[in-house]
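Reading through the structure tokens given below for one structure.
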Amino acid sequence: MIAYHSLILFVLLHRSDCLEFTIGALLSDDEVISSFKRMVSSVRDSVYDDTVTFKAAGEALALNALKATNQVCNLFNSSEGRIFALIISHPNGAPGSAPLSVSFTCAFYHLPVIGVSARHSIFSDKYSHGSFLRTVPPFSNEASIWVDLIKAFGWREVCVIHSDDHDAKKVLSYLESASQRGIDFKITRQVAINTDEEDAAQMKDFISLLQPVRNEQTRVILLFLRRKFAEYVFLAARKLGMLEAEWAWIVTEQALDASNIPNGVIGVRLLQVTELDHVADAVRIATQSILHLVRTDYDAMKHLHSVKACSDNPSEIQSKSKLPGRSPYMWKDYATKLFRDMLAMNFTDGRTGHLEFNEYGDRIKPIYDIVNAQITNQDINNLSAQKSFEFERPTLVSVGSYGVHQPTPMEWISDEPHPSLLSINLSKLIWPGNSIVKRQQLVCIQRANDGKCQKTEKRLVHAAPISFKKKTHLKVVTIESVPFVQTRPKLSDKCNESDDPLVFKTEIECTHTDPTTGIKKHYCCYGYCIDLLRLLANRTGLELTSTPFTYDLHLVGDGQVGDVDENETHKWTGIIGEILSGTADLAVAPVSITPERAARVEFTKPFKYLGITILVKRERARSNLGSFLQPFESSLWVLVALSVHVVAFVLYLLDHFSPFGRTNSDLDMSVDGSGSYSTLRQFDNEKQLNDKNTLTLTHLRQQQQQKEDEEGLNLSSAVYFAWAVLLNSGIGEGTPHSFSARVLGMVWAGFAMIIVASYTANLAAFLVLDRPEASISGIDDVRLRNPQKDFLFATIRGSPVEMYFKRQVEFATMYRVMETNNYDSVEEAIQAIKSGTLKAFIWDSARLNYEVSIDCELITAGEVFGRNSYGLVMKKNNPWLYELSQAVLNFHERGIMETLDTKWIHIKSNNCERTESSPATLGLTNMAGVFIMIGMGLAAGAILTFVEVLCAKRRCEQKKKHELSTATIQQWRDTVQKRQNDRYFLNATDKQMQLCHNTEISFDDVIHHSVAIDKNNLNSSAIYSTNMKNKQSNNPKPNFSMNMKEKYSVIEDDLLSTKGRINRKRKASDYSCDGNDDGDNDALDSSLSFALHTSKNNLKQIGEKYCVTTYRCDQVNNYENNDKNEMEKEQEQVGQKGYEEEEQFSELIHRSGTVTTHNNMNNINHYQKSNIISAV
21 MIAYHSLILF VLLHRSDCLE FTIGALLSDD EVISSFKRMV SSVRDSVYDD TVTFKAAGEA
81 LALNALKATN QVCNLFNSSE GRIFALIISH PNGAPGSAPL SVSFTCAFYH LPVIGVSARH
141 SIFSDKYSHG SFLRTVPPFS NEASIWVDLI KAFGWREVCV IHSDDHDAKK VLSYLESASQ
201 RGIDFKITRQ VAINTDEEDA AQMKDFISLL QPVRNEQTRV ILLFLRRKFA EYVFLAARKL
261 GMLEAEWAWI VTEQALDASN IPNGVIGVRL LQVTELDHVA DAVRIATQSI LHLVRTDYDA
321 MKHLHSVKAC SDNPSEIQSK SKLPGRSPYM WKDYATKLFR DMLAMNFTDG RTGHLEFNEY
381 GDRIKPIYDI VNAQITNQDI NNLSAQKSFE FERPTLVSVG SYGVHQPTPM EWISDEPHPS
441 LLSINLSKLI WPGNSIVKRQ QLVCIQRAND GKCQKTEKRL VHAAPISFKK KTHLKVVTIE
501 SVPFVQTRPK LSDKCNESDD PLVFKTEIEC THTDPTTGIK KHYCCYGYCI DLLRLLANRT
561 GLELTSTPFT YDLHLVGDGQ VGDVDENETH KWTGIIGEIL SGTADLAVAP VSITPERAAR
621 VEFTKPFKYL GITILVKRER ARSNLGSFLQ PFESSLWVLV ALSVHVVAFV LYLLDHFSPF
681 GRTNSDLDMS VDGSGSYSTL RQFDNEKQLN DKNTLTLTHL RQQQQQKEDE EGLNLSSAVY
741 FAWAVLLNSG IGEGTPHSFS ARVLGMVWAG FAMIIVASYT ANLAAFLVLD RPEASISGID
801 DVRLRNPQKD FLFATIRGSP VEMYFKRQVE FATMYRVMET NNYDSVEEAI QAIKSGTLKA
861 FIWDSARLNY EVSIDCELIT AGEVFGRNSY GLVMKKNNPW LYELSQAVLN FHERGIMETL
921 DTKWIHIKSN NCERTESSPA TLGLTNMAGV FIMIGMGLAA GAILTFVEVL CAKRRCEQKK
981 KHELSTATIQ QWRDTVQKRQ NDRYFLNATD KQMQLCHNTE ISFDDVIHHS VAIDKNNLNS
1041 SAIYSTNMKN KQSNNPKPNF SMNMKEKYSV IEDDLLSTKG RINRKRKASD YSCDGNDDGD
1101 NDALDSSLSF ALHTSKNNLK QIGEKYCVTT YRCDQVNNYE NNDKNEMEKE QEQVGQKGYE
1161 EEEQFSELIH RSGTVTTHNN MNNINHYQKS NIISAV
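Everything in the sequence shown is counted per my numbering, starting at 21 for the first residue and increasing by one.
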């Protein structure tokens, strides 16, 4: 292997023939071609003692593409297959078709082509131009310089006027990517100009193309056009006044050659761009690459042949090697190696500077001059557009450079790094309108090692114009929408305006022009948005250092917020359409921020956050008669009522069957608990005692009272006890006696406490805190999710709310139903709600909250959903956008927006009942059921009392009949007894009469005697069981030493006290005619009353007896005879009637069968009472 390389070196040093390589050229003119040939010859003289020579072959490039291709073929033929490179130039003003055809041809034959003036980016496409490289960068590379200039000047907005070719697309792509990488600027408008040659004649009128640019607020123009089209643009710009002060132009290198380039234009151009310099560098690249390939493979380069004619097939071109073992040399392979060697060239001492290429064959790291078009003739701006080509062309003055690292200028105070390759002297710059811009701003006077500014100072320095022009008088559009904007006709000369922005609820004059008739009307506008506009326009005293603006306010012509017209034009209508067309600069109105609108216009930070809610008609709470029953369900009320009676019945059973629930006397009544045998036995004993007259009235009363006290809990008392515990009322009746019943009573009391407490709590919730409710619960209500025919709901047609339901899949059913019911305006929908035609209206919460605050019959239902917001509307990249957004945020922080909400939306009306802040007051409608229940109780009590009276009357009549029969029998017996007493009395009277005739008897003796007789009668009436012995006693032994009047008073007092106790007992019985007490009291009352009456008449009778005894004793016998006759007749009648009654009574007793203890006691008492009556 070493021997082989030594052989190659020996051949190179001792060869007898010379290697010759041809370098072709198609340049701009013959002069350049002559210079090219001299350059190639100079390279030949300096290489290896003339062992390698280079031959130059070239001619002027034809402007026709076909001719240029034939020129390439001629070069192939003349070089005899030894052409290894081609240098090509692009003449100024020539079309790009000729260089393109040459590049295409050479690429087909793999012949390397070096361009010295081809600046179009299409040559960077290696699929079409695979063997092309150039010593100049493409025009599109200027985009990076433009980005650094924008950053250095602090511009935020630019407008780009460009061609429609491949270069312009690359420029726009780079600018857009740079803005996305963090460089703070935006392309506000792009104007594309068709630069096809055949359409050039139709592009002379550029005024219509530049008119929209002039209407924009952007004042920085980036121009990327060739010379001819740049001249048209400059001409139109001068006519539109776009070359005056406040404007800035940056143009491409091609536009710098325009004959009418205006004063103040800034451009970039490649440093030392003469064609000869680039040809010299191209020759050096070609020759050095060929020599490098010769050194690496001499034999191949000696025998290698390139293209000899255009008819050759490039893939079949090959050369045979004379060295043993070598395969043929393919031209395609060695041509590719040669092109790679050219791309790898890196010269720092080139004629045009540093030479280096990227993989696309484009030169990198070039050096540019930043030039400024300046003229000294100040009257040039006064020339007409027609004479624009006649005046002296401005001079391009270098004001900076790009491509060499530069220190950071002192004007740069940003923390971001300054463009390192950019150097520009702002003090040398002249801007359009021959203006020089200066302003006070901070400059850095001390920097750290890392480049960051450490100390700043405010100075007057040269600067660039502002990239946008901020208008100070804006055309503001709004729309009538309560409560944000309200209008009234302007009747007087002036609206109620105020210069103080902090004074709310003032008016501003506004106009409305009918789009159909063109009639203009004047109104006074006021509302939420009007106050907001006044705050934004005049922000003095609001801690903002921004410039205030003036405005003209008008209402939108078609009365719409804005939507895309569905006709062929597809234009935006309403407020959005006026903003896009430039009719209005700013919209202060309730405009919802939607994606469709945000794609066309710009919104500030939201001034009002809201959502979607539902408006329904308020349903007043209807208090029915059963409002007090609402705390519990019907089933629970039934269970409570059932529990009361079940517990009462169980209490009765427990107390009745428990051994400890009855008294000892009850236990002694029977063995088995029934008491029948003991009762009969007791009846017999009492009958015997009655016959023997051993019981007294006092003893019977004590026994009866003791029986009442020891009586157990009956069913009636148990029911009353259960209800009394449940209702927490006093217990005046009997209570359970047994321990088991009392345990149940305590459990029932606990149950009652829980029930009552729960009822009280729920009653407060249902009555005290009662609120009117909406007819639906919210957006998830079943009547909305599953629409019904009798429940209509809708929104506004074409509104963002409708779009929201249209986009949401979950509301698809609702949207299909409401689509046919939607209204055209909010006012119509609200009126439909009030009239009942529409059941629910879905709209923005702000408007609906306002309607609820002023109309007591309306209410919002459910929670807010579909969050949204209102914002101020401006055109894209409006210079006021940032400032107004900051102002809105400041208003939010300071609470000004909340103040506007309170004054315009959440209005506190005194006419509506505000149940949200205080509990509702209960009225008769809430508690009517309770009063009706009391009335029903009173009525039921009266009816039951009437029924009881009727029943008691009937029972008393039956009882009276029974007593009458018993009394008749007893009267008969008493008559018989009276007859015996009368006989005894007559006998005694006869004796007294005899004594009266024979002996003088004093009045006191008569009195004592009568009192003794009355005393016996009164004692007989006071005894409950008639004492037959006292009645049959014919030998009374009265104590005549007692005074008769004292005796009578004592007896009368005793009878009166007895009657009082009986009356109290009778009142306690409360018209009850059944039981033992009623019969006893009535009979005893009657007997005592009769006895009292008899005692009161004794004095009169005594007086009569005294008279009879003293003066008329002779009439006694007559009276006796008359009484005897009458008594006998009466006795016969009474006896007959008593017999009949006794028969009926006996038959009644026989039918009754077994007589209970109480009935026997009643019979005994009736019998005793009859004895008492007879005794009296």
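Ideal placement from N, C-alpha and C gives every residue a C-beta, glycine not left out. The structure presented is a predicted model; accordingly, all values stated were derived computationally and were not measured.
Give me, in chain order, the residues of the same chain whose beta-carbon lies closer than 8 Å to that of residue i; leave out the 5 immediate sequence neighbours on both sides.
{"i": "Arg-817", "result": "Asn-842, Tyr-843, Asp-844"}
{"i": "Leu-920", "result": "Phe-524, Tyr-548, Asp-551, Leu-552"}
{"i": "Leu-812", "result": "Asn-841, Thr-857, Leu-858, Lys-859, Ala-860"}
At a Cβ threshold of 8 Å, is residue i touching chain C?
{"i": "Ala-85", "result": "Absent from the structure: chain C. Only one protein chain is present."}
DSSP three-state call for residue i: helix, strand or coil?
{"i": "Asp-994", "result": "helix"}
{"i": "His-1202", "result": "In this structure the chain extends from 21 to 1196, so residue 1202 is not present and cannot be described."}
{"i": "Gln-210", "result": "strand"}
{"i": "Asn-366", "result": "coil"}
{"i": "Gln-324", "result": "Here residue 324 turns out to be Leu, not Gln, going by the sequence shown. The answer is coil: DSSP assigns Leu-324 none of H, G, I, E or B."}
{"i": "Thr-93", "result": "According to the sequence as given, residue 93 is Cys; it is not Thr. Helix, per DSSP."}
{"i": "Ser-797", "result": "coil"}
{"i": "Asp-755", "result": "With the sequence shown as reference, residue 755 is identified as Thr, and Asp is not the correct amino acid for it. Thr-755: coil per DSSP, three-state reduction."}
{"i": "Thr-262", "result": "Reading off the sequence, residue 262 comes out as Met, not Thr. The answer is coil: DSSP assigns Met-262 none of H, G, I, E or B."}
{"i": "Cys-544", "result": "strand"}
{"i": "Arg-887", "result": "strand"}
{"i": "Glu-431", "result": "coil"}
{"i": "Gln-200", "result": "helix"}
Going by the beta-carbon positions, is the gap between residue i and residue j smaller than 8 Å?
{"i": "Leu-630", "j": "Ser-440", "result": "no"}
{"i": "Asp-142", "j": "Ile-107", "result": "Checking the displayed sequence, the identity of residue 142 turns out to be Ile instead of Asp. The answer is no: Cβ separation not under 8 Å."}
{"i": "Arg-413", "j": "Ser-279", "result": "yes"}
{"i": "Val-608", "j": "Val-424", "result": "no"}
{"i": "Leu-358", "j": "Ile-310", "result": "yes"}
{"i": "Pro-485", "j": "Trp-451", "result": "yes"}
{"i": "Thr-507", "j": "Cys-545", "result": "yes"}
{"i": "Leu-83", "j": "Ala-118", "result": "yes"}
{"i": "Gln-308", "j": "Phe-159", "result": "no"}
If you follow the beta strand (DSSP E) that residue i is in, where does it begin and where does it stop?
{"i": "Ile-444", "result": "442 to 444"}
{"i": "Val-240", "result": "240 to 244"}
{"i": "Arg-638", "result": "Premise fails: Arg-638 is in no beta strand (DSSP E) and is neither H nor E."}
{"i": "Tyr-388", "result": "388 to 394"}
{"i": "Ala-76", "result": "72 to 80"}
Enumerate in chain order the residues of its own chain whose CB-to-CB distance from residue i is below 6 Å, with the five nearest sequence positions on each side excluded.
{"i": "Gly-765", "result": "Pro-756"}
{"i": "Lys-625", "result": "Ser-905, Val-908, Leu-909"}
{"i": "Lys-896", "result": "Glu-622"}
{"i": "Met-350", "result": "Gln-338"}
{"i": "Asp-864", "result": "Leu-630"}
Taking 7 Å as the limit between beta carbons, can you name the residues of its chain near residue i, skipping five residues before and five after?
{"i": "Lys-322", "result": "Leu-39"}
{"i": "Arg-617", "result": "Gly-582, Ile-596"}
Mind checking which residues open and close the alpha helix (DSSP H) that includes residue i?
{"i": "Ala-852", "result": "846 to 855"}
{"i": "Gln-231", "result": "227 to 235"}
{"i": "Asp-675", "result": "654 to 677"}
{"i": "Tyr-870", "result": "865 to 874"}
{"i": "His-298", "result": "295 to 316"}
{"i": "Ala-832", "result": "832 to 838"}
{"i": "Gly-594", "result": "594 to 601"}
Discussion item. Using 8 Å as the cut-off, can you tell me whether the segment 145 to 154 makes contact with the segment 255 to 273, which would need three or more C-beta pairs spanning the two stretches below that distance?
Written reply: no
Worksheet item: Does the pairing of the segment 283 to 303 with the segment 369 to 388 give three or more beta-carbon distances under 8 Å?
Response: yes
Fill in: Segment contact, 8 Å Cβ cut-off, at least three pairs: the segment 43 to 51 with the segment 69 to 83
yes
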